[in-house]
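Heads up, the thing below is written out as structure tokens.
Number of protein chains: 2
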Amino acid sequence: MTTDLNRRIVLAAHPHGLPTVQDFRLETGPVPEPGPGQVLLRTLWLSLDPYMRNLMEPVGPGYAEPVPLGGTMVGGTVSRVVASRHPRYAAGDLVLAQAGWQDYALSDGGDLLPLGDVTPPSLALGGLGMPGFTAYVGLQDIGQPRPGETVVVAAATGAVGQVVGQLARLHGARAVGIAGGADKCRIAVEELGFDACLDRHDPQWPQHLAAACPDGIDVYFENVGGAVFDAVLPLLNPGARVPVCGFIAHYNDGAPPPGPDRLPKLTATLLVKRVRMQGFVILDHYGKRYEAFRREMGRWVADGRVRLREARIDGLERAPEAFVDLLRGRHVGKVVVRVAGG
Amino acid sequence: MTTDLNRRIVLAAHPHGLPTVQDFRLETGPVPEPGPGQVLLRTLWLSLDPYMRNLMEPVGPGYAEPVPLGGTMVGGTVSRVVASRHPRYAAGDLVLAQAGWQDYALSDGGDLLPLGDVTPPSLALGGLGMPGFTAYVGLQDIGQPRPGETVVVAAATGAVGQVVGQLARLHGARAVGIAGGADKCRIAVEELGFDACLDRHDPQWPQHLAAACPDGIDVYFENVGGAVFDAVLPLLNPGARVPVCGFIAHYNDGAPPPGPDRLPKLTATLLVKRVRMQGFVILDHYGKRYEAFRREMGRWVADGRVRLREARIDGLERAPEAFVDLLRGRHVGKVVVRVAGG
Numbered sequence: 001m002t003t004d005l006n007r008r009i010v011l012a013a014h015p016h017g018l019p020t021v022q023d024f025r026l027e028t029g030p031v032p033e034p035g036p037g038q039v040l041l042r043t044l045w046l047s048l049d050p051y052m053r054n055l056m057e058p059v060g061p062g063y064a065e066p067v068p069l070g071g072t073m074v075g076g077t078v079s080r081v082v083a084s085r086h087p088r089y090a091a092g093d094l095v096l097a098q099a100g101w102q103d104y105a106l107s108d109g110g111d112l113l114p115l116g117d118v119t120p121p122s123l124a125l126g127g128l129g130m131p132g133f134t135a136y137v138g139l140q141d142i143g144q145p146r147p148g149e150t151v152v153v154a155a156a157t158g159a160v161g162q163v164v165g166q167l168a169r170l171h172g173a174r175a176v177g178i179a180g181g182a183d184k185c186r187i188a189v190e191e192l193g194f195d196a197c198l199d200r201h202d203p204q205w206p207q208h209l210a211a212a213c214p215d216g217i218d219v220y221f222e223n224v225g226g227a228v229f230d231a232v233l234p235l236l237n238p239g240a241r242v243p244v245c246g247f248i249a250h251y252n253d254g255a256p257p258p259g260p261d262r263l264p265k266l267t268a269t270l271l272v273k274r275v276r277m278q279g280f281v282i283l284d285h286y287g288k289r290y291e292a293f294r295r296e297m298g299r300w301v302a303d304g305r306v307r308l309r310e311a312r313i314d315g316l317e318r319a320p321e322a323f324v325d326l327l328r329g330r331h332v333g334k335v336v337v338r339v340a341g342g
Numbered sequence: 001m002t003t004d005l006n007r008r009i010v011l012a013a014h015p016h017g018l019p020t021v022q023d024f025r026l027e028t029g030p031v032p033e034p035g036p037g038q039v040l041l042r043t044l045w046l047s048l049d050p051y052m053r054n055l056m057e058p059v060g061p062g063y064a065e066p067v068p069l070g071g072t073m074v075g076g077t078v079s080r081v082v083a084s085r086h087p088r089y090a091a092g093d094l095v096l097a098q099a100g101w102q103d104y105a106l107s108d109g110g111d112l113l114p115l116g117d118v119t120p121p122s123l124a125l126g127g128l129g130m131p132g133f134t135a136y137v138g139l140q141d142i143g144q145p146r147p148g149e150t151v152v153v154a155a156a157t158g159a160v161g162q163v164v165g166q167l168a169r170l171h172g173a174r175a176v177g178i179a180g181g182a183d184k185c186r187i188a189v190e191e192l193g194f195d196a197c198l199d200r201h202d203p204q205w206p207q208h209l210a211a212a213c214p215d216g217i218d219v220y221f222e223n224v225g226g227a228v229f230d231a232v233l234p235l236l237n238p239g240a241r242v243p244v245c246g247f248i249a250h251y252n253d254g255a256p257p258p259g260p261d262r263l264p265k266l267t268a269t270l271l272v273k274r275v276r277m278q279g280f281v282i283l284d285h286y287g288k289r290y291e292a293f294r295r296e297m298g299r300w301v302a303d304g305r306v307r308l309r310e311a312r313i314d315g316l317e318r319a320p321e322a323f324v325d326l327l328r329g330r331h332v333g334k335v336v337v338r339v340a341g342g
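Going down the list, the sequences are from chains C and F.
When you line the first sequence up against the UniProt record's numbering, it's residues 1 to 342, in that order.
When you line the second sequence up against the UniProt record's numbering, it's residues 1 to 342, in that order.
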């Protein structure tokens, strides 16, 4: 599939709370020409991830620049080199790129990674890419699950959560998921190998969580924040670890949410239970450990020891709607948009 | 000084919020007789510490048993052995004990530690005892200040805070204190060697804190919680460490305090700034490291590299009032009650 126009999705407005499709705009322009040292990339797959919500604010989150009004939405992609004036890349190469929400992009090669034999290539945006790496680093560095311990993660069928649960099991720990809906919970247990998964749409789910964690919680992988945290807190064991990689439940908050103030309860729990709660930003870790991760995770996926579930959306023009659905928890699995052929 | 009666201060009522002297009652009874293997202890100094507030609740904090209604208030003491039927202790020995808020107590020796040559002995309840050990372990294990970094601690002239600041300086870090009142701040800087100390009664203190930490905050030693945390949070540097040893600002809370809910802001800060926040309970660490601490800290105090300030109260009967004042921040230095001679 080729096209002589570049479609791109730009930020039309800063969202108030949950974004709507009106916060985005599709623009069309010429396909850019690569200059000396540049490659022209054709986007095949675009990754949609919760962190993108943070980049839609006027002020960025600190670890990345915000998208300016009228600017192309940022995003990881699997792209094919269609023209190259760069010594290390040739037309036809498949690369992991940061081409954003558009058909074509230029790159000087600095942000590219040869894709190797990842099959299907879209996995390089999910379990074999940033979300998988997030699960891997958070568990290795902070969570450190030991055999027989209990690891809890929310958004259990999401891009990060599904890997957290399966890596926990590879460490010999029990994996208990939390997800929105009975279908997701069934998939978490039957397809992804969680020991249990609680449906947070069920008003009794905190009790079910307690029942599913009879020996308490040793690792809570925090990727959602919000109501889930309240149910988890009282179950934390002495010496529990809480890696913090996200807080999707609050990405759409404008002002601080109403009370009661839960900070004192948290502080008391950290103290009394000797809990270690630690944030990490995955961008810090690529240089040192990404290759080891790709080798190791690639083997687990090839062996079938880790199964990766994707939610595939067809068409760049549907990315805004798919992104809003992602923030509303309407997908199952890692969300990727098929922009071209594949 | 001797007496043939034992005065003890018991818990008369579970407090609602800040305790009052009416929550305590002075009772008088016979001096107990040591049985086989026991020693009779005379209390010389009684330690008053914020954690005791937690033991006044019907349900304990998890790391220690609550004091039952009518039970003698718990507390660390410097005591003299006045009669011994224990092979390792003789009348006249000075020991660190857990005799509680009373003139006399029995012990089977299991909770005693020979005092050695600590001078004055009351320091064994402060900088050379539990509060000093708390500062030492929290900084060594979690805070890990490096030369040139900035360490912030509240209750800067308190039992723990004064040691945190001075140990931070021994690590080559800057020490910035927060305290309630201009007098305390002057003492923190002039006597205890803090680089700066902000008076939290000054409405502008958060701005002054920012000015006193031009390179941000690398270690925040959390021993108070509450409003202080709000001012500290935005100043935390990437990779900051937050040891949590207490939350005195909320010991008197019944229900969770009103909103806004500060948990999402905290979680976001932990993530974006890659902060490690970790609770610890000092009881876990005595076995392995207390002797090394006593040697090291003893040397620093003897050298004058660490100065320890005490607030001395005369008379067991004044312990309840002194304790309430402690929770209200009305003392300067480690609070000890002189129960007998000394």
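Each residue gets a CB set at the ideal place from its N, CA and C atoms; glycine is no exception.
Treat the numbers as computed from the prediction; the structure is a model and nothing was measured.
Close beta carbons around residue i, own chain, < 6 Å, minus the five adjacent residues each side
i, result
"C:G172", "P147"
"C:M1", "Low confidence applies to C:M1: its pLDDT is 43, below 50, so where it sits in the model is not reliable, and the reading given next is rough at best. Cβ neighbours of C:M1 beyond the five flanking positions: A340, G341."
"C:R276", "R241"
"C:D49", "none"
"F:T28", "L5, R7"
"F:H285", "V137"
Candidates the options: closest to residue i by CA position
i, options, result
"F:A292", "F:F133, F:D103, F:N54, F:D49", "F:F133"
"F:D230", "F:T267, F:C185, F:F194", "F:T267"
"F:S79", "F:V152, F:K184, F:D93", "F:D93"
"C:L128", "C:V301, C:L326, C:G329", "C:V301"
"C:R25", "C:V232, C:S84, C:N223, C:Q102", "C:Q102"
"F:A91", "F:L41, F:V59, F:D117", "F:L41"
"F:L316", "F:A99, F:E57, F:P36", "F:A99"
"C:G329", "C:R338, C:V10, C:E149, C:A155", "C:A155"
"C:V95", "C:G29, C:V74, C:V118, C:M73", "C:V118"
"C:V189", "C:G60, C:G165, C:Q207, C:P206", "C:G165"
"F:M52", "F:L167, F:V39, F:M297, F:P68", "F:P68"
"F:E65", "F:P320, F:G29, F:L283, F:R307", "F:L283"
"F:V39", "F:L270, F:V81, F:A182", "F:V81"
"F:G33", "F:P19, F:G62, F:T20, F:A105", "The sequence given here places Glu at residue 33 of chain F; Gly does not occur at that position. Looking at the Cα atoms, F:A105 is the closest of the given residues."
"C:G161", "C:H285, C:P243, C:A97", "C:P243"
"C:R257", "C:G17, C:T150, C:G62", "It should be noted that the sequence gives Pro, not Arg, for residue 257 of chain C. Of the listed residues, the one whose Cα sits closest to C:P257 is C:G17."
Local conformation of residue i per DSSP, three classes
i, result
"F:T20", "coil"
"F:P114", "strand"
"F:Y128", "This sequence places Leu at residue 128 of chain F; Tyr is not what is there. Looking at F:L128 - three-state DSSP - the assignment turns out to be coil, as it is neither helix nor strand."
"C:D103", "coil"
"C:G148", "coil"
"C:I179", "For the sequence presented, residue 179 of chain C should be read as Ala rather than Ile. DSSP places C:A179 in strand when its eight states are reduced to three."
"C:G70", "coil"
"F:R85", "coil"
"F:P258", "coil"
"C:L55", "coil"
"C:G161", "helix"
"F:T134", "helix"
"C:G143", "helix"
"F:A249", "Unreliable positioning characterises F:A249 in this predicted model, as indicated by a pLDDT of 47, which lies under 50. A coordinate reading is not provided."
"C:P36", "coil"
Same chain, Cβ closer than 7 Å to residue i, neighbours up to 5 away in sequence not counted
i, result
"C:S122", "W45, V78, E310, V336"
"C:D4", "V31"
"F:L167", "A135, Y136, L139"
"C:R305", "L170"
"residue 348 of chain F", "Not covered by the structure: residue 348 of chain F. The range shown for chain F is 1 to 342."
Cut-off 8 Å between Cβ atoms - residues of its own chain near residue i, not counting five sequence neighbours on either side
i, result
"F:L209", "V152, V176, I178, L198, A231, V232, L235"
"C:P36", "R85"
"C:R294", "G116, L128"
"F:M130", "S47, D49, G76, I282"
"F:H14", "D23, M56, E57, P58, L69"
Beta-carbon neighbours of residue i, restricted to chain D and to distances below 9 Å
i, result
"C:F24", "Absent here is chain D; the protein component of the structure consists of chains C and F."
Problem set entry | Runs of alpha helix (DSSP H) lying entirely within the stretch 275-340 of chain C, each at least 4 residues, in chain order | Every alpha helix (DSSP H) of 4 residues or more that sits fully in the stretch 275-340 of chain C is shown, in chain order, as 286-303, 319-327.
Exercise. Which runs of the beta strand (DSSP E) fall wholly inside the stretch 185-233 of chain F and span at least 3 residues, in chain order?
Worked result: DSSP runs (the beta strand (DSSP E)) wholly in the stretch 185-233 of chain F: 196-199, 217-221.
Exercise. Pairing CB atoms from the stretch 139-154 of chain F with CB atoms from the stretch 104-115 of chain F, are three or more of them under 8 Å?
Worked result: A contact between stretches requires three or more CB pairs, one per stretch, nearer than 8 Å, and the stretch 139-154 of chain F fails this requirement with the stretch 104-115 of chain F.
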